[in-house]
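Asker:
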Amino acid sequence: MTSPAWKRLAAASVMLMVLLGVGAAATSTEVTRWGIAVDDAVAGWRNGVSTALSIAATHAASAAVGVAATILAPAALWWRRRGRDAVQTLLVLGGALMIASVIKLGVAEARPPSRLWVIAPDNAQSFPSGHTTLAAAAALAAVLVTQGGWRILAGAVGATATLVVAAARVYLGVHYPIDVLGGVLAAICAALLAAGLVELPPLRRHLRTPAVSRP
14 MTSPAWKRLA AASVMLMVLL GVGAAATSTE VTRWGIAVDD AVAGWRNGVS TALSIAATHA
74 ASAAVGVAAT ILAPAALWWR RRGRDAVQTL LVLGGALMIA SVIKLGVAEA RPPSRLWVIA
134 PDNAQSFPSG HTTLAAAAAL AAVLVTQGGW RILAGAVGAT ATLVVAAARV YLGVHYPIDV
194 LGGVLAAICA ALLAAGLVEL PPLRRHLRTP AVSRP
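In the numbering used here, the protein residues as written are 14 to 228.
Here it is in structure tokens:
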């Protein structure tokens, strides 16, 4: 019988293939034309309050926040002697950002037309959305390390935050809808990979023993 670890790693591989397939579709003329039409329609709904909130959501899920969270969240969990949760959080956040960065360079999808931008994009590559990747990864990491009834709350808050960030990126005209979908898929891929790796016997045995002792 296949162990849960290998099942999750296999699921991560499948999700990666799906992500690559969606990335290939993102560069097609038909999908790009549809994406521009959606962004054009969304641009017609802009107002001062929504724009300010969308910019705030973008800053909250910026690359700098992502790097800080990838370092500080696992460190805090490790300090609390939650080694498994610390490693899992590191793998989800760091893995998601790494996957998104590599896919960005590989797919090399151009950004929407500059006439649609409310703010300048962080880089030239559009797929997948790094901001959405971070928001989704943070949400999934929170669900993985939260216990009991709090897990439902963590999932609801995380899903809402991810939706807000994804909508903000399309609203600001710097991403197509397929880009934010790609960000969610990248985060799911990283979460499956993390869940599988921490179940592998060598790592699982190591994480049973607290590695940090506090006075």
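Backbone N, C-alpha and C define an ideal beta-carbon position, used for all residues, glycine too.
Any idea if L118 is buried or exposed, counting beta-carbon neighbours within 10 angstroms, 16 or more meaning buried?
Answerer: Taking the sequence shown and counting its residues from 1, the one referred to as residue 118 is at position 105. It counts as exposed.
Asker: Can you tell me whether L85 is buried or exposed, with buried defined as 16 or more other CB within 10 angstroms of its CB?
Answerer: The residue labelled residue 85 in the question sits at position 72 within the sequence shown. L85 is exposed by the Cβ-count criterion.
Asker: Where does the unbroken alpha helix (DSSP H) through H72 begin, and where does it stop?
Answerer: By 1-based counting over the sequence shown, the position of residue 72 is 59. 61-73 is the extent of the alpha helix (DSSP H) around H72.
Asker: Could you give the distance in angstroms between the alpha-carbon of V62 and the alpha-carbon of H188?
Answerer: Here residue 62 refers to the residue found at position 49 of the sequence shown. Here residue 188 refers to the residue found at position 175 of the sequence shown. Approximately 20 Å between the Cα atoms of the pair.
Asker: So is R93 buried or exposed if we call it buried at 16+ other beta carbons inside 10 Å?
Answerer: Here residue 93 corresponds to residue number 80 of the sequence shown, with the count starting at 1. With fewer than 16 other Cβ atoms from the protein chains shown falling within 10 Å of its own Cβ, R93 counts as exposed.
Asker: Of all the options I68, A109, G36, V31, which has the alpha carbon lying nearest to the alpha carbon of A82?
Answerer: Position 69 of the sequence shown, counted from the first residue, corresponds to residue 82. Nearest C-alpha to A82: A109.
Asker: Grab me the residues of A152's own chain with a C-beta within less than 8 Å of its C-beta, minus the 5 sequence neighbours each way, in chain order.
Answerer: Indexing the sequence shown from 1 puts residue 152 at position 139. Result list for A152: A167, G168, V170, G171, A172, A174, T175, A200, in chain order.
Asker: If we call anything under 9 Å between Cβ atoms a contact, is G209 one with K20?
Answerer: Position 196 of the sequence shown, counted from the first residue, corresponds to residue 209. Position 7 of the sequence shown, counted from the first residue, corresponds to residue 20. In this structure, K20 lies closer than 9 Å to G209 by Cβ.
Asker: Identify the residues that DSSP records as bridge partners of Q138: which are they?
Answerer: Start at 1 with the first residue of the sequence shown, and residue 138 comes out as number 125. BP columns for Q138 point to A123.
Asker: Among R124, A65, T71, A69, whose alpha-carbon lies nearest the alpha-carbon of I49?
Answerer: Indexing the sequence shown from 1 puts residue 49 at position 36. For I49, the nearest C-alpha among the options comes from R124.
Asker: How long is the line joining the alpha carbons of T40 and R95, rounded to whole angstroms?
Answerer: Residue mapping note: residue 40 aligns to position 27 of the sequence shown, counting from 1. Residue mapping note: residue 95 aligns to position 82 of the sequence shown, counting from 1. Their backbone Cα atoms lie some 42 Å apart in a straight line.
Asker: Excluding the 5 residues flanking G107 on each side, which residues of the same chain have their C-beta closer than 7 Å to its C-beta?
Answerer: Taking the sequence shown and counting its residues from 1, the one referred to as residue 107 is at position 94. Residues of the same chain with a CB within less than 7 Å of the CB of G107, apart from the 5 flanking positions on each side, are T83 in chain order.
Asker: Tell me the DSSP secondary structure of V225 in three-state form.
Answerer: As a position in the sequence shown, residue 225 is number 212, starting the count at 1. For V225, the predicted model reports a pLDDT of 42, less than 50, meaning its position is unreliable; a value from the coordinates is still stated below. Of the three classes helix, strand and coil, the one that applies to V225 here is coil, per DSSP.
Asker: Below 8 Å on the Cβ atoms is my guess for V197 versus A149; work out the distance and round it to an integer in Å.
Answerer: Mapped onto the sequence shown, residue 197 falls at position 184. Mapped onto the sequence shown, residue 149 falls at position 136. Right, their Cβ atoms sit about 5 Å apart.
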